[in-house]
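One structure below.
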Amino acid sequence: MTSTQANPETLSALDRPNSYIGKTVPRPNLDRLMQGRGLYVSDMELPRMAHVVFLRSPHAHAKINGIDASAAKQMPGVIAVVSGKELSTVITPWVGVLSHLKGLKSAPQSAIAVDRVCWQGEAVAAVVAISRALAEDAAELVSVDYEELDAVTDMRTALDPATAVIHVSLGDNLAFERNHDAGAVDQAFAESDEVVEAEFVFGRHTGVTLEPRAVVADWNAAEARLTIYQGTQAPHMVQNIAAVHLGLKESQVRVVCKDVGGSFGIKVHIYADEMATYALSKLLRRPVKFVADRVESFNTDIHARDHRCKGKIGVKRDGTITAFEIDDLTGIGPYSMYPRTSAIEANQVVNLVGGPYVTRNYRARARVVFQNKNVMCQYRAVGHPIACSVTEGLVDLAAMKIGMDPIEIRRRNLIADDAYPCASPSGLRFEQLSHHAALAKLVKMMDYDALRAEQTALRAKNIHRGIGIASFIEVTNPSAAFYGVGGAKISSQDGVAVRLDAQGSVICQTSITEQGQGSESLTAQIVGSVLGVSMDRVRVILGDTDNTPYGGGTWASRGAGIGGEAALQATKVLRNNILDVAAAVLQSTPGELDIVNNGVVDAVDGTPRIDLSELARIVYFRPDTLPPGIQPEFMATRHFVPREYPFAFTNGVQGSWLEIDTDTGFVKLLKHWVVEDCGTIINPQLVDEQIRGGVVQGLGAALFEKCVYDERGQLTNANMADYLVPMSGEMPDIDVGHVVSPTLESELGAKGAGEAGTAGAAAAVTNAVNDALRPFGTIITEIPLTPQVILTALGRI
Amino acid sequence: MKASAFAYARATSVANALELLTAHGEGAKVLSGGQSLLPAMNLRLLAPDLIVDIGELAELRGIVVKEGALSIGALTRHADLLKSPEIATHAPLLTDAVAHVAHPAIRNRGTLGGSLAHADPASELPACMLTLGATIIARGPGGERRIAASEFFAGIYETALKPQELLVAVELPVTPKYSTHFFHEFARRHGDYAIVGLAAQAFVRDGRFTDLRLGFFAVGDRPLLARSAGKLVDVAITSAVLSEAFSALDEELDPLDDHQATPAMRRHLAKVLLARCVSSLLGRPDLRMGASA
Chain Z
1390 MTSTQANPET LSALDRPNSY IGKTVPRPNL DRLMQGRGLY VSDMELPRMA HVVFLRSPHA
1450 HAKINGIDAS AAKQMPGVIA VVSGKELSTV ITPWVGVLSH LKGLKSAPQS AIAVDRVCWQ
1510 GEAVAAVVAI SRALAEDAAE LVSVDYEELD AVTDMRTALD PATAVIHVSL GDNLAFERNH
1570 DAGAVDQAFA ESDEVVEAEF VFGRHTGVTL EPRAVVADWN AAEARLTIYQ GTQAPHMVQN
1630 IAAVHLGLKE SQVRVVCKDV GGSFGIKVHI YADEMATYAL SKLLRRPVKF VADRVESFNT
1690 DIHARDHRCK GKIGVKRDGT ITAFEIDDLT GIGPYSMYPR TSAIEANQVV NLVGGPYVTR
1750 NYRARARVVF QNKNVMCQYR AVGHPIACSV TEGLVDLAAM KIGMDPIEIR RRNLIADDAY
1810 PCASPSGLRF EQLSHHAALA KLVKMMDYDA LRAEQTALRA KNIHRGIGIA SFIEVTNPSA
1870 AFYGVGGAKI SSQDGVAVRL DAQGSVICQT SITEQGQGSE SLTAQIVGSV LGVSMDRVRV
1930 ILGDTDNTPY GGGTWASRGA GIGGEAALQA TKVLRNNILD VAAAVLQSTP GELDIVNNGV
1990 VDAVDGTPRI DLSELARIVY FRPDTLPPGI QPEFMATRHF VPREYPFAFT NGVQGSWLEI
2050 DTDTGFVKLL KHWVVEDCGT IINPQLVDEQ IRGGVVQGLG AALFEKCVYD ERGQLTNANM
2110 ADYLVPMSGE MPDIDVGHVV SPTLESELGA KGAGEAGTAG AAAAVTNAVN DALRPFGTII
2170 TEIPLTPQVI LTALGRI
Chain R
103 MKASAFAYAR ATSVANALEL LTAHGEGAKV LSGGQSLLPA MNLRLLAPDL IVDIGELAEL
163 RGIVVKEGAL SIGALTRHAD LLKSPEIATH APLLTDAVAH VAHPAIRNRG TLGGSLAHAD
223 PASELPACML TLGATIIARG PGGERRIAAS EFFAGIYETA LKPQELLVAV ELPVTPKYST
283 HFFHEFARRH GDYAIVGLAA QAFVRDGRFT DLRLGFFAVG DRPLLARSAG KLVDVAITSA
343 VLSEAFSALD EELDPLDDHQ ATPAMRRHLA KVLLARCVSS LLGRPDLRMG ASA
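Residue numbers (the working numbering), protein chains in the order written: chain Z, 1390 to 2186; chain R, 103 to 395.
Structure below.
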C-alpha cells in the first residue's frame, strides 16, 4: 500500500525538542512479538491445568429434558462433566440491562444453559479433561435429550402476536425501544421540494479476531483467590463481574491480560463460557483453560449490525436538507449482552443519524428485538456504520433526485467549521469538528474532478466506475455517560503511575490495555516526551489488576485520549518532583532547570547539569548527602476522566473509487481515501494503521462478511471458507490524511482514532456502487454487496 | 478442533502403501499434501482409523516428458507445477490454472494427486484433466489401471478409485504447437473456491475453431467437459451462434446452490465465461458482451 503523509500541519501542541509526540517511532513491543516471544493466553500452561470443552446446542431453541454424561465421565483423562444446574451452585445468573436505557429488559442468563437453550451454540454442559483433544472425545459421548421449540429468527416478525415469545416472563420479544423527535419534521417534509425514502439492510457479521477468545482461570483455595488470565480489553470490568457472580470480593480476583491477538470490541464483553470457566476452576479447585475454536468463535463471539433501517430525507432544490427520519429495527439474539447491553448499537444509530449536518429536524424510532440466534452487541464502531450508511445513502439519493453533485450537497449542509460548540439534532454536543476542512482535503487528495472525467470517459467504453463519499462523526473518549450512569461498574477514568528507578529507568503502569493498537507505544512516547527521557528507558506495564491503577481499559476509542492524558499528567508531576530534588542538589531553582535526553540541563543554554541516573543514585542510595528536610518522591500517579463533554466527537470523510463488472456483479475496489480529525496525533503511523485497519473491517462489511442463518436459526457458514473476511488481495490502497483539532478537555488534545475507518467505509462503497450503477437505473441499499445482490439488482439473474 | 485419535503409518514404498490400504480398507485414508484431509479431520467431519502418509515416496514425485506425453507424479506439488518449465512448455493451461489454486502456503503442500483424488467439484485441476484429455494412473493390489479423466470423476468427492488403490501419476498428451488456451474463474476473493471456472484448449484457424475443449468446474457435482463446445467448431461465430451455444451449455449444467451463488447465478456466469473465452481465443472483443445481452 502506498502511504500519503498528508499531514504537514503541526501535529502537536506538545512539541518539545526531542518530543516523540507526533512522530512515527517503532512500537517497543515489536521485537518481542515478531520473534515469537509474545505470551498469549493460548500459550499458557499451569501445573494441574485442565481443559474445558463446551458441549453446545445444535438447536436454536429447545428444552433440555435430560443430559446423560455417564459414558463421558468414565473416559480416562476426564475430570468432570458439569451441567448448568450443577454449575449454578458456584455462579449466579445475570441480566444485561442498564438503567439509563429506559425500558431495556432482558432475562437472566446462566453460565451454562439450565433447562432450555436459546441459540445454536449455547453451552449445555462443560467437559473438563486433561487435554483439549480428550475433552472433545468425551463431549461426543455426552447425550442430551432435547425437545425442539419454535425458534424466533426473523426480526421483522419477532413482535407479531403469532410469534412465540422467547422469555415468557418478559411478556414479548421487545428488548428496547427509543423514540426521538426534534424540530418540526412533518412541516419540514411538507416544505421540501423532494422527499426520498429507502430501506437499508445490513448483514449480521462478527469481529473474527486472529486469536480466539481464551481464558485460564486459576482458583487458589489456599489464598481464597482467583487469578484470571484472559485476553480482555477491560481487566477491571472482568474483575468486578467475576467477583459479583462468584460471591467473592474484588480483592479476591486478579485479572491478568498479557498479549491479545486482536479484539475489535469482541473481547470487551462477558461471555457465558468465560464465566463458566471461572466457576469451574472454583468448583474443581484447579486451573482450567478455555480456548474457543473457530467454529465456537463464529457461534458465540458477539455478532453485530443486524439492522433493517427505513430512512427518509427531505431536500430543497437548492440542496438544503430539511429533515431526516429513520425507523430502525435490530435483532439481538435471546439475551441482552452483559454488562454493556445489546441496546447500545440501536441507541447509537438514533444518536448519530444526521449528525454531520445542519438540519435540526430529526425523528427516529429504534426497536431492539429478541431472536433465537447468537447474541449481538458492540463491535468496532458501534452503530456508526449503520448511521453513516443510512445518512450518507439518503444524502446521495437526495442529491441524485435534484441532480446535484454529492460533494456539493455536502458542502451546502455540513455544519460549518466555525459553528462550534454546537449540538446535533439528537442533542449530542460537539466541541470542535472540521467537516469542511476534511471534505476540502479529501477532494484534493482524490483529485475529484479528474476522477469524474475519467468516469465519464470510461462509461463510453462500457466500463462502469463509481465514486462514493461518506462524511461521518465518531464517538470517542466516552465519559461516565456511556455506562457508569446506567449502573455498570465500568470505569470511564484511567490512571497512570510513573516512577524513576535507581538506575534512571522509568517504569510506567497504566490501566489502559494493549491488543495491538499501540497502547504501549503511545504511553511510552508521552512519558518519554514529557519527562525528557528516551523511550528505550521507559517500560510500560499494562493488563494486571494487581499491578496497574484502576481504570477502564482500551475500547470505544478511549485509550490514547484518556489513558494518554493520565500518562501526561502523572509524568508532569514526576518531572516537577525530579526538578525539585535536582534544584536542591545543584543549588539552583526548578525553573532554571530542564530535563533533556535523560539528564538535567540548564533551562536557558542546555548545559548538562546532572544525569538522571546520577540523581537517582543519590536519591536512592545516598539520601544522606541531600540537603536537610528533603524527602524525594520519584513516583507520581494521576487519573483522568473527561468532565466537560460526555464524548469527544471526531469527524472525517471517506472516498471510494471502484469498478463494477456488470456482467458478473463483481466489485473491484480501486482506491480508498480517508481524511479524519482525531485531534493531537501521538504517533502518525499508529493512527494511519488504525484508520486503514478500520477501513478494511468496514470494507469487509460492505462486500464480504455476513453470518448466514437459515429460517430455523442455524448458522450455516461458521467457518473461514464460507464466512469471507476481507483479505489483502482485494483491498485497495488506502490513503489517509488528517485535519487536527485538538480537544481542549485535555492538555494532550488527543481524541480517538480506532473506529473512524470502520464508521464510514461501507457507506462510501455503497454510494460508489450506486454511482457506478446510475446508467442502469437501479439503487442498492443492502450490504454485503455480493455479486448475487448486484446481478439481481441489474436483472441479470 | 482436534482430530479424533487415529493410527499413523508412513509408507516406505508404493507396495507398502498398497498393503496398508488393502489391510484397512475404507478405514484408511491416504495423506498426501493434507490440505483438505487435515482440516476435515480437525473439524471431525472425517475420522479415519489409519492415516497412510505417502509423503516420502520420492518415486511419486516429478515431471517427465517422453514420447509425446507428459507424465506427472501424484506427489508433485502445486508449487512445483507452477514453476515447472516442462509444464509451461507442454501444458501451459495447467500453469495458468495452478496460479488460481488457493494461496502459496497451500500450493507449497498440496499435490496434484491429492487434488484429483479429493475431487472437489470446484477445484481447478480436475477440470484441466478433462480439457487436456489426461489419463489417471492408479495402482492397486491387482496392478496398474489407466483411467481416462472423463471416466474418473464420479461426483462430489467421488472418483473411480477403489479404497485399495493409490493414484500414482497422471499422463497428459503434450499440447500440440499452435494450440491455444484460456483459463479463468470467478471467485469472491483471490484463492477462494471458484463460483464458476473454465479451462479451455483450442485450435483456431482463419478465425474459426477447428477444435475446442471446454472444461467447466463448479457447475455441477463434478467437472464438465462441455459437449456444447461442438456448436462453436468449424463455424463462423456470430452472436446468434454463441446464443445457441449458451442454450446448449445451459442444458448440460446442473449447478449446486451454496453461500456464494444460486444455480441461476452459476448458469449466468458460465455463459459469461464462455463468451469471454470465445472472445479472447478468437480475438473478437465484439463477442465479449454477448452474455449480458
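All residues carry an ideal CB built from backbone N, CA and C; glycine is no exception.
The structure displayed is predicted, hence computed values, not measured ones.
For residue i and residue j, what's the separation of their Cα atoms in angstroms?
| i | j | result |
| --- | --- | --- |
| I189 of chain R | L326 of chain R | 23 Å |
| V1742 of chain Z | A2148 of chain Z | 12 Å |
| A2190 of chain Z | K1878 of chain Z | Look at the range of chain Z in this structure, 1390 to 2186, and you will see that residue 2190 of chain Z is not part of it. |
| A2091 of chain Z | K1474 of chain Z | 42 Å |
| I1710 of chain Z | N1761 of chain Z | 40 Å |
| D1662 of chain Z | I1501 of chain Z | 7 Å |
| A1770 of chain Z | G1592 of chain Z | 15 Å |
| G1792 of chain Z | D1707 of chain Z | 10 Å |
| K104 of chain R | E1525 of chain Z | 7 Å |
| L300 of chain R | H1448 of chain Z | 40 Å |
| T1937 of chain Z | H1625 of chain Z | 10 Å |
| E2100 of chain Z | E1685 of chain Z | 20 Å |
| M1664 of chain Z | I2070 of chain Z | 38 Å |
| A1788 of chain Z | E1781 of chain Z | 10 Å |
| S1908 of chain Z | A1949 of chain Z | 7 Å |
| P228 of chain R | A256 of chain R | 11 Å |
Helix, strand or coil: which one does DSSP assign to residue i?
| i | result |
| --- | --- |
| R241 of chain R | strand |
| L122 of chain R | helix |
| P1997 of chain Z | strand |
| E1954 of chain Z | helix |
| N2108 of chain Z | coil |
| S1392 of chain Z | Low local confidence applies: a pLDDT of 42 at S1392 of chain Z is under 50, so the model's placement there is unreliable, and no value is given. |
| V1554 of chain Z | coil |
| K1762 of chain Z | coil |
| L1400 of chain Z | Here L1400 of chain Z scores only 38 on pLDDT, less than 50, and its place in the model should not be relied on; the value that follows carries that caveat. Of the three classes helix, strand and coil, the one that applies to L1400 of chain Z here is coil, per DSSP. |
| L2180 of chain Z | helix |
| M2024 of chain Z | strand |
| L376 of chain R | helix |
| K2060 of chain Z | strand |
| I297 of chain R | coil |
Report, in whole angstroms, the separation of the C-beta atoms of residue i and residue j, which I expect to be a contact under 8 Å.
| i | j | result |
| --- | --- | --- |
| A176 of chain R | L122 of chain R | Not confirmed; about 16 Å, so no contact. |
| V1533 of chain Z | I1453 of chain Z | 6 Å |
| A1571 of chain Z | N1750 of chain Z | 7 Å |
| L1931 of chain Z | L2075 of chain Z | Not confirmed; about 16 Å, so no contact. |
| R2185 of chain Z | H283 of chain R | 27 Å between Cβ atoms; not a contact. |
| Y1768 of chain Z | I1655 of chain Z | 6 Å |
Is the Cβ-Cβ distance between residue i and residue j less than 8 Å?
| i | j | result |
| --- | --- | --- |
| N2072 of chain Z | I1951 of chain Z | no |
| V1430 of chain Z | A1603 of chain Z | yes |
| G1942 of chain Z | S1977 of chain Z | no |
| T1719 of chain Z | M1544 of chain Z | yes |
| V1517 of chain Z | V1506 of chain Z | no |
| A1805 of chain Z | H1825 of chain Z | yes |
| L2047 of chain Z | V2114 of chain Z | no |
| G2146 of chain Z | V2030 of chain Z | no |
| L159 of chain R | V132 of chain R | no |
| A1956 of chain Z | R1675 of chain Z | no |
| K1705 of chain Z | E1714 of chain Z | no |
| A2161 of chain Z | Q2079 of chain Z | no |
| A1515 of chain Z | A1461 of chain Z | no |
Is any heavy atom in the ligand MG found nearer than 7 Å to the beta carbon of residue i?
| i | result |
| --- | --- |
| P187 of chain R | Here there are no bound small molecules, and the ligand MG is not part of this structure. |
Original post:
Can you list, in chain order, the residues of the segment 2094–2106 of chain Z whose Cβ is nearer than 8 Å to any Cβ on chain R?
Top reply: For the segment 2094–2106 of chain Z, the set of positions with a beta-carbon nearer than 8 Å to some beta-carbon of chain R reads V2097, T2105 and N2106 in chain order.
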